[in-house]
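Structure first, commentary second.
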Amino acid sequence: MAEANWYVVHTYSGYENIVKANIEKTIENRHLEEEILEVRVPMQEVMEMKNGARKNVQKKMFPGYVLINMVMNDDTWYVVRNTRGVTGFVGPGSKPVPLSEAEMKPLGIKVENVTVDFAEGDTIAVVAGVWKDTVGVVQRMDYGKQTATINVELFGRETPVEISFAEVRNLK
């Protein structure tokens, strides 16, 4: 299988979230989960003054653009290009150019893959982050997002929690 890269898609201004939702729906309908891995609208937290009060709000980093992690082929190109609200891929002419590692670093998107020594059904311990010192059984693994979903007891109930691969270690 070809390697997935991050591409930038230009959209009509204000249509970023609609385009994201439409592409995700198409991925589900056409079963392209293995080829189009992730669709993102990069957001940043900004301090705003409104009526004399400071308020943290989420703003789009790049209005009019959506990032897509996908394997570029004729099918995926066609699906994304013909999504309502998309004007085209960023690149010379009609040829999409993937983002380089240096371009992705400031966006907070990690390129390197973390190898893990656990799988679904294994018991792991969380060693960092909000759920530090928590132990749980892996219910699901998402290699695209580099996360594992574990069940944690919260207020007497089993609650699924998504943990980054980097925050856990296997209990063998």
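In my numbering, the protein residues as written are 235 to 406.
Even glycine gets a Cβ: it sits at the ideal position worked out from N, Cα and C.
All values reported here derive from a predicted model rather than from experimental measurement.
Under 9 Å between C-beta atoms of residue i and residue j
{"i": "Q373", "j": "F399", "result": "no"}
{"i": "V300", "j": "V273", "result": "yes"}
{"i": "S383", "j": "E401", "result": "The sequence shown places Thr at residue 383, not Ser. Going by C-beta atoms, T383 is not nearer than 9 Å to E401."}
For residue i, the three-state DSSP class (helix, strand or coil)
{"i": "W365", "result": "coil"}
{"i": "N285", "result": "coil"}
{"i": "P340", "result": "helix"}
{"i": "Y299", "result": "strand"}
{"i": "Y249", "result": "coil"}
{"i": "E354", "result": "coil"}
{"i": "L318", "result": "Correcting the residue identity first, residue 318 is Arg in this sequence and not Leu. Residue state, collapsed to three classes: coil."}
{"i": "N307", "result": "coil"}
{"i": "V275", "result": "coil"}
Contact set for residue i: own chain, Cβ-Cβ below 7 Å, skip 5 residues either direction
{"i": "R403", "result": "I358, A359 and V361"}
{"i": "Y249", "result": "G319"}
{"i": "E268", "result": "none"}
Own chain partners of residue i with C-beta closer than 6 Å, once the 5 adjacent residues on each side are dropped
{"i": "L333", "result": "W240"}
{"i": "V414", "result": "The chain is shown from 235 up to 406; residue 414 falls before or after that span and cannot be answered."}
Own chain, CB closer than 8 Å to residue i, minus 5 neighbours either side, in chain order
{"i": "M277", "result": "Q292, K293, K294 and M295"}
{"i": "E282", "result": "R288, K289, N290 and V291"}
{"i": "T260", "result": "L266, V313 and T317"}
Using a Cβ distance threshold of 8 Å, determine whether the stretch 238-249 contacts the stretch 293-309, with at least three qualifying pairs required.
yes
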